[in-house]
Amino acid sequence: MSEEVKLMKGNEAIAHAAIRCGCDGYFGYPITPQSEVLETLMEVEPWKTTGMVVLQAESEVSAINMVYGGAGCGKKVMTSSSSPGVSLKQEGVSYLAGAELPALIVNVMRGGPGLGTIQPSQADYFQTVKGGGHGDYRLIALAPASVQEMADFVGLGFDLAFKYRNPAIILADGVIGQMMEKVVLPDFQPRMTEEEIAEKCPWAAVGKPKNRERNVITSLELQPDAMEQNNIRFQEKYKTIEENEVRYEEIMCDDAEYLLVAFGSSARICQKAVEIAREQGIKLGLLRPITLWPFPKKALADYANKVKAMLSVELNAGQMVEDVRLAVNGKVPVEHYGRLGGIVYTPDEIVEAVKNKIM
Amino acid sequence: MALEDIIKPENLVYKKPDIMNDNAMHYCPGCSHGVVHKLIAEVIEEMGLVEDSIGITPVGCAVFAYNYIDIDWEEAAHGRAPALATAIKRLRPNKLVFTYQGDGDLSAIGTAETIHACNRGESIAIIFINNGIYGMTGGQMAPTTLEGIKTATCPYGRDVKLNGYPLKITNLLKELEGTRFVTRQSVHTAAAVRKTKKAIRKAFENCLDGKGGANVVEVVSTCSSGWKMTPAKANKWMEENMFPAYPLGDLRDRDANI
Amino acid sequence: MKEEIIIAGFGGQGVLSMGKILAYSGLMQGKEVTWMPAYGPEQRGGTANVTVILSDEKISSPILNEFDTAIILNQQSLDKFEKSVKPGGTLIYDPYGITKAPTRTDINVYKINAMDTSIEMNAPKSFNMIILGGLLKVRPIVELDNVLKGLKKTLPERHHHLIPMNETALKKGMEIIEK
Numbered sequence: 000m001s002e003e004v005k006l007m008k009g010n011e012a013i014a015h016a017a018i019r020c021g022c023d024g025y026f027g028y029p030i031t032p033q034s035e036v037l038e039t040l041m042e043v044e045p046w047k048t049t050g051m052v053v054l055q056a057e058s059e060v061s062a063i064n065m066v067y068g069g070a071g072c073g074k075k076v077m078t079s080s081s082s083p084g085v086s087l088k089q090e091g092v093s094y095l096a097g098a099e100l101p102a103l104i105v106n107v108m109r110g111g112p113g114l115g116t117i118q119p120s121q122a123d124y125f126q127t128v129k130g131g132g133h134g135d136y137r138l139i140a141l142a143p144a145s146v147q148e149m150a151d152f153v154g155l156g157f158d159l160a161f162k163y164r165n166p167a168i169i170l171a172d173g174v175i176g177q178m179m180e181k182v183v184l185p186d187f188q189p190r191m192t193e194e195e196i197a198e199k200c201p202w203a204a205v206g207k208p209k210n211r212e213r214n215v216i217t218s219l220e221l222q223p224d225a226m227e228q229n230n231i232r233f234q235e236k237y238k239t240i241e242e243n244e245v246r247y248e249e250i251m252c253d254d255a256e257y258l259l260v261a262f263g264s265s266a267r268i269c270q271k272a273v274e275i276a277r278e279q280g281i282k283l284g285l286l287r288p289i290t291l292w293p294f295p296k297k298a299l300a301d302y303a304n305k306v307k308a309m310l311s312v313e314l315n316a317g318q319m320v321e322d323v324r325l326a327v328n329g330k331v332p333v334e335h336y337g338r339l340g341g342i343v344y345t346p347d348e349i350v351e352a353v354k355n356k357i358m
Numbered sequence: 000m001a002l003e004d005i006i007k008p009e010n011l012v013y014k015k016p017d018i019m020n021d022n023a024m025h026y027c028p029g030c031s032h033g034v035v036h037k038l039i040a041e042v043i044e045e046m047g048l049v050e051d052s053i054g055i056t057p058v059g060c061a062v063f064a065y066n067y068i069d070i071d072w073e074e075a076a077h078g079r080a081p082a083l084a085t086a087i088k089r090l091r092p093n094k095l096v097f098t099y100q101g102d103g104d105l106s107a108i109g110t111a112e113t114i115h116a117c118n119r120g121e122s123i124a125i126i127f128i129n130n131g132i133y134g135m136t137g138g139q140m141a142p143t144t145l146e147g148i149k150t151a152t153c154p155y156g157r158d159v160k161l162n163g164y165p166l167k168i169t170n171l172l173k174e175l176e177g178t179r180f181v182t183r184q185s186v187h188t189a190a191a192v193r194k195t196k197k198a199i200r201k202a203f204e205n206c207l208d209g210k211g212g213a214n215v216v217e218v219v220s221t222c223s224s225g226w227k228m229t230p231a232k233a234n235k236w237m238e239e240n241m242f243p244a245y246p247l248g249d250l251r252d253r254d255a256n257i
Numbered sequence: 000m001k002e003e004i005i006i007a008g009f010g011g012q013g014v015l016s017m018g019k020i021l022a023y024s025g026l027m028q029g030k031e032v033t034w035m036p037a038y039g040p041e042q043r044g045g046t047a048n049v050t051v052i053l054s055d056e057k058i059s060s061p062i063l064n065e066f067d068t069a070i071i072l073n074q075q076s077l078d079k080f081e082k083s084v085k086p087g088g089t090l091i092y093d094p095y096g097i098t099k100a101p102t103r104t105d106i107n108v109y110k111i112n113a114m115d116t117s118i119e120m121n122a123p124k125s126f127n128m129i130i131l132g133g134l135l136k137v138r139p140i141v142e143l144d145n146v147l148k149g150l151k152k153t154l155p156e157r158h159h160h161l162i163p164m165n166e167t168a169l170k171k172g173m174e175i176i177e178k
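For the protein sequence lines, the chains are A, B and C, in the order given. Residue 154 in numbering that gives the first Met the number 0 is what sits at position 155 of the first sequence, and the numbering runs on without skipping anything. Residue 0 in numbering that gives the first Met the number 0 is what sits at position 1 of the second sequence, and the numbering runs on without skipping anything. Residue 22 in numbering that gives the first Met the number 0 is what sits at position 23 of the third sequence, and the numbering runs on without skipping anything.
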């Protein structure tokens, strides 16, 4: 790691990390609160240094399909957007999953539904982990809670995407995207060479050499029995990911009697709530899922044997709480606390919610 | 005379391109797709680009074009082929990148992608099959369907008050500064086939000389099944009805100041 | 050490950039830092505020209920944030545009005539630096040297000739802040 500490917004960290982790192409469309990703890339002009392609597309729809095209020819490509734009991308995301293409999508969430607000929200949890587009597919979903993690998860997201030939998504929100914090950017990593692409992505449409059959990137299979086999293969892959890639953080959980479950910016606010509650003598802990899919089901099931109750704290009307309840399977009460439409709770509000809802 | 006496290299008068494989095509008798596929394969082979071509198939009848020509392909979501082509060409600038799209794909759902890829002057070729109907989904109205023509979704004939006018998208594209070569051809006669092949070759060459600019080859085509005509009648009907609305010829050739 | 600060006023007053300079100064001083703007489409004239936290330890929430220090530059912000200052905390305000002065007695209230002074100095753009100077006088959370280093980081190279003027403004702010 180059130890130079910088101060930047989460959105800017995404852009700088993309350049540094050997990203070949970024395709995006401006939308608040994530426009700094594209703006930063256009200012830095990485095509002059690493050769990374950056393009402002005519729409989010076009941008995600540029990602599909780029990923299909073996390149490390990404896009970013915010909630309404990510809704537009869902068709392309489903195609990426169906064609088993590695790619990285960033969603810096804002309040919805519809055009909604530009303020922070976490109401795209369902969209991210339960589908979003059509068909039985999964995205590897990473939820950063700091600017440092915004930077770190670009590389991690790409690594996981290529490891499993599956799209990955960074699910952030307006707080993490707009906040400035200290960050140590990853070291420069060169873009993949053609030899590396040939080795890592033998399936890619790069131009057909004489010594192999043609490569076709497609999600289409009109024979239902063959399509069922494709789906079975996808499900096996998803099972492997669930077994190997669950990530979460435990904060003050050892002696916790009550457990908060929160991701992203909410986890940061909850951390302060834990500090306040502890000062008041309440043994409160926090489990922060880092991967929203695969979800830390087992860890939560284990905590169901240790704590009296759990509170899922989310900037939405109650989405992740359903997964927490599934994991806990009725062993302890699981309640939800949220604010909606772009309003962000303060640490005090969360402590109050703990007292009112689970104590 | 025995068969093996006839099949000898010196007796060869016609041969399909090597990269056209033996998979049986799913196209209907009389369909123009097969001819255009063959022309693309011929040009790729003649230009020595088999290892350097990446094609993009659409949603529509030609979705399975990748089954017939042995090059690398990507299959796009409906209308998005020019977006894929944009990224592939920018990431692999030395490759021949072309899309193959029908009228629904290119001029309805994919209008934005088509116009913006052309307007950016992407060094790609767009092969555009215009048969004035949705073939794959069973004969519904396309943006290019002629006025008065009956389809499954305009069963009493296209009424411009209800459905708007036949969209001459190629005429729009030729106005864009980003386009380099825009032409309208057909494959209904041997002479027309030769002209179309020339146009495809020119479009492909333009993609690789580093001068930039998008290239569009529209092929006014028949759909005997969709039109509910015999192939011979469809060809005649096309000449009499489609050509007046979609006249053949070069619409733009930047290199020749057209 | 941990200082939780809110800076609030109109867009265009340099609220966000003052916060940014403070954050960079903290970075230069080796602190943990967060800078969290209440972002929005209002670039000029609307309300703007930013939360800056400087700490020796890792910072948990960038969103806070209450603050050690509030820097208040218009009436709406005073109405909103006076009550959010921790007892014993600090409130700094510029009386320009304030119709109802702060009333709390359990906090340290400081007044700084930064707007008038910046006009007298014929340097209206150094308004926010005067305020920042005032803050550093009553809450010396970062050293002036590190503020200047922070300025260098936030200002594009072509504006580096303005640093001496900003230094003057910072020092002026330290002089004119009053209880």
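Ideal Cβ positions, reconstructed from N, Cα and C, are used throughout, including at glycine.
Those residues of the segment 327-352 of chain A placed with their C-beta closer than 9 Å to a C-beta in chain C are V343, Y344, T345, P346, D347, E348, ordered along the chain. Spanning the alpha carbons of M173/C and K57/C requires a straight line of approximately 30 Å.
The Cβ neighbour count for P295/A, taken over all protein chains shown within 10 Å, is at least 16; the residue is labelled buried. A distance below 8 Å separates the beta carbons of D172/A and Q121/A. In this structure P166/A is not in contact with L141/A, their Cβ atoms being roughly 12 Å apart against a cut-off of 8 Å. Against chain A, the CB of S52/B has a partner CB under 8 Å away; the residue lies at that interface. The straight-line gap separating the alpha-carbon atoms of L285/A and G111/A is approximately 27 Å. Short of 8 Å from the beta carbon of I62/C, and not among the five residues preceding or following it, lie these beta carbons of its own chain, in chain order: M35, T50. Of the residues assessed, G132/C falls on the buried side of the cut-off, its CB having 16 or more other CB atoms within 10 angstroms.
The beta-carbon of P208/A is placed less than 8 Å from the nearest beta-carbon of chain B.
At a cut-off of 8 Å between beta-carbon atoms, V323/A makes no contact with chain C. In the three-state reduction of the DSSP assignment, G248/B falls in the strand class. Under the DSSP definition of a beta bridge, G134/B lacks any partner.
If you draw a straight line from the Cα of K162/A to the Cα of D71/B, it comes to about 23 Å.
Assigned with DSSP and collapsed to three states, L21/C falls in helix. Exclusion of the five residues before and after E2/C leaves L53, D67, I140 as the residues of its chain whose Cβ lies within less than 6 Å of its Cβ. Spanning the alpha carbons of A203/A and E121/B requires a straight line of approximately 22 Å. Using a C-beta cut-off of 8 Å, the segment 71-91 of chain A makes contact with the segment 14-28 of chain A, since at least three inter-stretch Cβ pairs fall below that distance. For D253/A, the three-state secondary structure derived from DSSP is coil.
The C-beta of M241/B has 16 or more other C-beta atoms within 10 Å across all chains shown, which makes the residue buried. Judged by DSSP secondary structure, L103/A falls within the beta strand (DSSP E) whose first and last residues are 103-108.
Residue-level contact check: E35/A does not touch chain C, since none of the beta carbons of chain C fall below 8 Å from its beta carbon.
Here DSSP, grouped into helix, strand and coil, assigns F161/A to helix. By the 16-neighbour rule on beta-carbons within 10 angstroms, G87/C is exposed. Bounds of any beta strand (DSSP E) do not take in G130/A, whose DSSP letter is neither H nor E. Identification of chain C residues near I268/A by a Cβ-Cβ cut-off of 7 Å yields S60, I62, ordered along the chain. Nearest in C-alpha terms to S59/C, of all of I250/A, G69/A, N64/A, G132/A, is I250/A.
The alpha helix (DSSP H) runs lying completely inside the segment 161-244 of chain B and spanning 4 residues or more are 168-172, 189-207, 223-226, 230-236, given in chain order. In terms of Cβ geometry, K160/B and Y245/B do not form a close pair [threshold 8 Å]. For the C-beta of A75/B, the chain A residues within less than 7 Å are, from N- to C-terminus, N64. At the C-beta level, G176/A and G9/A come within 8 Å of one another. Closer than 8 Å at the C-beta level to chain A, one finds no residue of the segment 17-48 of chain B. Assignment of E31/C by DSSP, reduced to helix, strand and coil, places it in the strand class.
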